[in-house]
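2 protein chains.
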Amino acid sequence: MQNIQHIEGGVCAAKGFRAGGVWCGIKDGSHKPDLALIYSKTACVSAAVFTTNRVKAAPVIVTREHCKDGKIQAVIANSGFANACTGEPGLALARRMAFLIADEFTIPERNVAVASTGVIGVSLPIAAIEAGVSALADSTSADASGAESALTAIMTTDTRKKSDAVEINIHGRPVHIGAMVKGSGMIHPNMATMLCFITTDAAIEQPALDAALKDAIRASFNRLTIDGDTSTNDTVILMANGRAGNPTIALDGEDFALFSTALRALCISLVRQTARDGEGATKLIAVTVKGAEDEETAEALAKSVASSSLVKTAMFGADANWGRIVCALGYARVPFNPERVSVAFSSKAGNVSVCENGQGLSFSEENAKNILLEDEIEININIGGGASAVTVWGCDLSYDYVKINGDYRS
Amino acid sequence: MQNIQHIEGGVCAAKGFRAGGVWCGIKDGSHKPDLALIYSKTACVSAAVFTTNRVKAAPVIVTREHCKDGKIQAVIANSGFANACTGEPGLALARRMAFLIADEFTIPERNVAVASTGVIGVSLPIAAIEAGVSALADSTSADASGAESALTAIMTTDTRKKSDAVEINIHGRPVHIGAMVKGSGMIHPNMATMLCFITTDAAIEQPALDAALKDAIRASFNRLTIDGDTSTNDTVILMANGRAGNPTIALDGEDFALFSTALRALCISLVRQTARDGEGATKLIAVTVKGAEDEETAEALAKSVASSSLVKTAMFGADANWGRIVCALGYARVPFNPERVSVAFSSKAGNVSVCENGQGLSFSEENAKNILLEDEIEININIGGGASAVTVWGCDLSYDYVKINGDYRS
Chain A
372 MQNIQHIEGG VCAAKGFRAG GVWCGIKDGS HKPDLALIYS KTACVSAAVF
422 TTNRVKAAPV IVTREHCKDG KIQAVIANSG FANACTGEPG LALARRMAFL
472 IADEFTIPER NVAVASTGVI GVSLPIAAIE AGVSALADST SADASGAESA
522 LTAIMTTDTR KKSDAVEINI HGRPVHIGAM VKGSGMIHPN MATMLCFITT
572 DAAIEQPALD AALKDAIRAS FNRLTIDGDT STNDTVILMA NGRAGNPTIA
622 LDGEDFALFS TALRALCISL VRQTARDGEG ATKLIAVTVK GAEDEETAEA
672 LAKSVASSSL VKTAMFGADA NWGRIVCALG YARVPFNPER VSVAFSSKAG
722 NVSVCENGQG LSFSEENAKN ILLEDEIEIN INIGGGASAV TVWGCDLSYD
772 YVKINGDYRS
Chain B
372 MQNIQHIEGG VCAAKGFRAG GVWCGIKDGS HKPDLALIYS KTACVSAAVF
422 TTNRVKAAPV IVTREHCKDG KIQAVIANSG FANACTGEPG LALARRMAFL
472 IADEFTIPER NVAVASTGVI GVSLPIAAIE AGVSALADST SADASGAESA
522 LTAIMTTDTR KKSDAVEINI HGRPVHIGAM VKGSGMIHPN MATMLCFITT
572 DAAIEQPALD AALKDAIRAS FNRLTIDGDT STNDTVILMA NGRAGNPTIA
622 LDGEDFALFS TALRALCISL VRQTARDGEG ATKLIAVTVK GAEDEETAEA
672 LAKSVASSSL VKTAMFGADA NWGRIVCALG YARVPFNPER VSVAFSSKAG
722 NVSVCENGQG LSFSEENAKN ILLEDEIEIN INIGGGASAV TVWGCDLSYD
772 YVKINGDYRS
């Protein structure tokens, strides 16, 4: 995209942010990093989005409170336990985590966001966190290694480090947006055990930041599905400290459009990385539905296909079983004309049309297999109606998904 | 249940029905039976229910037409190909199948129902069916072996023969209802690649038959989920030939209640067998939600749990990971108070409470594991509100589900 450069540095790409991660003992025995911190040296405006699950983890409840005034300066996050289904004691522990960081940096407790990911229903070992906070603060740095070490500390079944950063130019000033994301299971449209922290040095008004985040999430994380499960802990936090020195971005206008486009591109990059790292996934599947009357219809159809266990297993088996795709369109509960549907598969290895006007085309199974053996597959569907198109991202369903989740706790 | 005896004989348990199955060559090479017939020697009243998928297979479209007048005397069904996404030529083939049976038995073509199951989007080899119809008619018998041979001919990835029959007594006359069902993948509430044929010798008015069938399906097949996929071909047909000689059952009244209860018990038996035979399933999972304000709420919550890939893989791994259950309740999009939720597991090996008032209880992991290692598991959830309760049936998600569906066509 014009004017948007992908750069290194993750959440530390933006000026004035530090990040780090340590092992404090939450993940007993494994010595894998389990406590992460991101903070801005100066005050930030912020925007945030949380899980739609009716069962909300304690850190979600606390962080939502803290985010209400649009000011967050630091995020503390742990892996190992989700601090969900833990009642009043869980809330107290989440508040305690915010307090520890506030105390360490002498900032208001309500400017600290808290996030947790891991097993549900188990109490957090707060003593370990208390003992580890100083080391955590000391571990931070303002470079890529700090960003990576924070990212490592929030990973659970993730197998890849998922982060990205972009640079745009606003009236001659370089503006940076960087992000890291955690999540590979319990992910479905409308968020998941997905923690995403985004930092920017843009100077931007809070309502503009809020609008840009909501728009970006609608077109990225809300179009991601791994396994149909929406978690109790999903959190996206975006902090802007204004250190780029650009003229402050207000809602609407060209600068806002550029910032929003860059943020959306960043989020889509993270979503593609997350789908690719779905639990047990061997492939990224991008399902595009074109020719819809409106985006809602296109999105519902694309999600139905991307969520279908039968489509996902067919993709795992590199089987061009397009009947399952048409079937999944059919139960999406939105109107379309089955007799105008066309389906094609594409990847680096080529493109093959398999269905037109709702009926099968003859095609080379060998060619189709070669296309589907790649690790990034596009399923392109045209329903032959209007002009709207939407892409949804997901992954295949493999033996390893079952293996990982059949024995997660032990 | 009082007054309802489970008996042998399947669809041939009711007087005056014959059934059979042959290999006619649709399943090329394998020589597995692929063509089935059920017919009544005399005219029947009938009721039927079809898939809610917007993409409907040709036999569904044709059979729905034929069922409109409530008279079906014979069912022809094939496995191998679903005759779905086959356009006008597919419709002509489905009509041709009905014609062949009508011609063989000299009955009206519109009194013949047609059903297909198998791969979507491939044309039916009608010549094989034409050549096989006489042998099919000759193969039928009025005993259990005929019923079993018809059942065998409609199986695809099914590993078990799923059938049952019940006897009730209406004013001194024994009345029988028998059924067979096919289906183990593409099954989800609101029907699936699920073909179910039910016969009864009850004398019953068509509106009563229709009401009894709809009620039974609501409480059985529509509460079954295997993999979240709803197929293009689902069909349930119930035929009543009146040969039991009972006083004709009308809508409402004691006789109707008894018939309905028996039909519902029969359908629940089939649903339990089907869940147990879900593709790759190692366990039957019955999820009961109690304490709801109404049945709709209880059903939405129970379905959300039974459909969760994370719950299903945990059950496969015999892991009492109740957090995933509470999480699945939370994204069901119906209101309940998370702080009043309790969860318990039970099986032949015992019972264990794992969550009360939304928080974890301490329990013996070893005991829980033993309970979950059984092949029939109950997940009992109480949301602590009203008096409504609903049970939904499903199965675990195993390696074999992936194996079966990663390579179905080849």
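Residue numbers (the numbering used here), protein chains in the order written: chain A, 372 to 781; chain B, 372 to 781. Glycine residues also receive a C-beta, built at the ideal position from the N, C-alpha and C atoms.
What did DSSP end up calling A/D648 once you bin it into helix, strand or coil?
Here A/D648 sits in coil by DSSP.
Compute the Euclidean distance between the alpha carbons of B/A550 and B/C567, then round it to the nearest angstrom.
Each residue's alpha carbon lies about 7 Å from the other.
8 Å Cβ cutoff, B/C766 in contact with chain A
Not one chain A Cβ lies under 8 Å of B/C766.
Whole runs of the alpha helix (DSSP H) within the segment 598 to 679 of chain A, excluding any shorter than 4 residues:
Whole alpha helix (DSSP H) segments, 4+ residues: 625 to 647 and 666 to 678.
Neighbourhood of A/M468 by C-beta distance below 7 Å, restricted to the same chain and skipping five residues each side
Within the same chain, A/M468 has close Cβ partners I447, V485 and I500.
Measuring only between beta-carbons, confirm whether A/A463 sits less than 8 Å from chain B.
It does not: the Cβ of A/A463 has no partner Cβ on chain B nearer than 8 Å.
Residue range of the unbroken alpha helix (DSSP H) whose run includes B/M468
Per DSSP, B/M468 is one residue of the alpha helix (DSSP H) stretching across G458 to F476.
Of all the CB atoms in chain A, is at least one closer than 8 Å to the CB of B/P560?
The pLDDT assigned to B/P560 is 41, lower than 50, so where the model puts this residue is not dependable, and the model offers no usable value.
How is the beta strand (DSSP E) around A/L522 delimited, first residue to last?
Counting along the chain, A/L522 falls outside any beta strand (DSSP E), though it belongs to the alpha helix (DSSP H) covering A515 to A524.
Got a sec: which bits of the segment 677 to 692 of chain A sit with their beta carbon under 8 Å from any beta carbon on chain B, in order along the chain?
Result list: S678, S679, S680, L681, T684, A685, F687, G688, D690 and N692.
Strictly below 9 Å CB to CB, what residues from chain A border B/V697?
Those are V426, A455, C456, I491, G492 and T603, listed as they occur along chain A.
Counting along the chain, where does the alpha helix (DSSP H) carrying B/I375 start and finish?
From DSSP, B/I375 is part of no alpha helix (DSSP H); its letter is neither H nor E.
For the 8 Å Cβ check, are there 3 or more pairs between the segment 372 to 388 of chain B and the segment 656 to 663 of chain A?
Here the segment 372 to 388 of chain B does not lie against the segment 656 to 663 of chain A, with fewer than 3 beta-carbon pairs under 8 Å apart.
In chain order, what residues of the same chain have a beta carbon less than 7 Å from the beta carbon of B/L629, not counting five sequence neighbours either side?
Cβ neighbours of B/L629 beyond the five flanking positions: N374, I539 and I541.
Buried or exposed: where does B/E670 fall if 16 or more other Cβ atoms within 10 Å of its Cβ makes it buried?
Around the Cβ of B/E670, a 10 Å sphere holds 16 or more other Cβ atoms; the residue is buried.
Quick one: what does DSSP say A/P545 is sitting in, helix, strand or coil?
Shown here, A/P545 sits in a strand according to DSSP, grouped into three states.
Answer yes or no: does any C-beta atom of chain B fall closer than 8 Å to that of A/A671?
With its beta carbon at least 8 Å from every one in chain B, A/A671 lies outside the interface.
B/W499 - containing alpha helix (DSSP H), residue span
Inspection of the sequence shows that residue 499 of chain B is occupied by Ala rather than by Trp. Per DSSP, B/A499 belongs to the alpha helix (DSSP H) from I497 to S510.
Could you work out which residues of chain C lie near A/S417, taking near to mean beta carbons separated by less than 9 Å?
Reference to chain C is not applicable here, since the protein chains of this structure are A and B.
Does the segment 456 to 471 of chain A come close enough to the segment 490 to 499 of chain A that 3 or more CB-CB pairs lie under 8 Å?
Yes, the segment 490 to 499 of chain A is in contact with the segment 456 to 471 of chain A.
By the DSSP assignment, the beta strand (DSSP E) with A/R389 in it spans what residues?
Looking at the DSSP string, the run of the beta strand (DSSP E) that includes A/R389 is F388 to V393.
Just to confirm, is the Cβ distance from A/T488 to A/K398 under 8 Å?
Going by C-beta atoms, A/T488 is not nearer than 8 Å to A/K398.
If you draw a straight line from the C-alpha of B/A563 to the C-alpha of A/A385, how long is it?
Residue placement at B/A563 cannot be trusted, given a pLDDT of 43 that sits under 50; what the coordinates show is reported in the next sentence. Using only the alpha carbons, I get a separation of about 51 Å.
Hey, could you find the ends of the alpha helix (DSSP H) A/A582 is sitting in?
First-last of the alpha helix (DSSP H) with A/A582: Q577 to R589.
Taking the runs of the beta strand (DSSP E) that are 3 residues or longer, which of them lie wholly in the segment 743 to 772 of chain B?
Runs of the beta strand (DSSP E) inside the segment 743 to 772 of chain B: 747 to 753 and 759 to 766.
Span of the alpha helix (DSSP H), counted from its first residue to its last, around B/A448
Premise fails: B/A448 lies in the beta strand (DSSP E), A445 to F452, not in any alpha helix (DSSP H).
Within 8 Å of any Cβ in chain A, is that where the Cβ of B/C726 sits?
It does; some Cβ of chain A falls within 8 Å.
Proximal residues of chain A, C-beta to C-beta of B/S769 below 9 Å
Near B/S769 (Cβ distances below 9 Å), the residues of chain A are V773 and G777.
Is it the case that the Cβ atoms of A/V723 and A/N738 are separated by a distance below 8 Å?
In this structure, A/V723 sits near A/N738, with a CB-CB distance shorter than 8 Å.
Taking the alpha-carbon positions, what's the A/S781 to A/T653 distance?
Per-residue confidence for A/S781 stands at a pLDDT of 39, beneath the threshold of 50, marking its modelled position as unreliable; the derived number appears in the next sentence. Each residue's Cα considered, the two are about 24 Å apart.
CB-CB length for B/V763 against B/K674, believed under 8 Å
5 Å between Cβ atoms; contact.
Helix or strand or just coil, what does DSSP make of A/V382?
If DSSP states are grouped into helix, strand and coil, A/V382 belongs with the helices.
Taking Cβ positions only, does A/Q444 come closer than 8 Å to chain B?
Not one chain B Cβ lies under 8 Å of A/Q444.
Touching or not, the segment 613 to 630 of chain B and the segment 743 to 755 of chain B, by the rule of three or more beta carbon pairs under 8 Å?
As far as the Cβ criterion goes, the segment 613 to 630 of chain B does not touch the segment 743 to 755 of chain B, which means the pair count is below three.
Return the residue from the list A/N593, A/A390 and A/T619 that minimises the CA-CA distance to A/A518.
With distances taken between Cα atoms, A/A518 lies closest to A/A390.
Report buried or exposed for A/E650, applying the criterion of at least 16 other Cβ atoms within 10 angstroms of its Cβ.
So A/E650 ends up on the buried side.
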